[in-house]
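Asks: Numbering (our numbering), first residue to last: 1 to 71.
Every residue gets a Cβ at the ideal spot worked out from N, C-alpha and C, and that includes glycine.
Only a predicted model underlies this, so the values are computations on that prediction, with no experimental measurement involved.
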Amino acid sequence: MDWTQPLVVNDGTLYAGVNGDRWLGSFSCHRAALEALTIKRHHYHVLTSSDTHFMTEGDLDLLEAIDFDEC
């Protein structure tokens with residue numbers, strides 16, 4: 001997925017497009033979604049949720065699913 005494209009986070013839900021036209025997934029919280037964007041945009045290597053501040057294992061699974069699905 002192109003993580004540099006315009007993305008919108010609304011209450012933990014990630015949308016693609018300038019206006020948030022396309023739903024990508026819902027994270028456990030708003031801060032987890034923002035952290036997910038930071039991880040992907042800066043190419044950080046994360047193995048488990050303990051490597052993050054706000055993300056759960058489910059959030060990491062969602063992040064990888066979005067990345068795979070949008071390729």
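Taking 8 Å as the threshold (C-beta atoms), are Ser28 and Gly58 in contact?
Replies: Yes, they are a contact pair.
Asks: Any idea what DSSP makes of Gly131, helix, strand or coil?
Replies: Past the boundaries of the shown model lies residue 131; the chain is included only from 1 to 71, so the question cannot be answered.
Asks: Please tell me whether, using a cut-off of 7 Å, the distance from the CB of Asn10 to the nearest non-hydrogen atom of the ligand ZN is below it.
Replies: This structure simply doesn't include the ligand ZN, nor any ligand for that matter.
Asks: By alpha-carbon positions, which one of Gly17, Asn10, Val46 ends up nearest to Asp2?
Replies: Residue Gly17 is the option with its Cα nearest to Asp2.
Asks: Give me whichever residues DSSP pairs with Val9 in a beta bridge.
Replies: Beta-bridge pairing links Val9 to Leu14.
Asks: Mapping DSSP to helix, strand and coil, what is Leu37?
Replies: If DSSP states are grouped into helix, strand and coil, Leu37 belongs with the helices.
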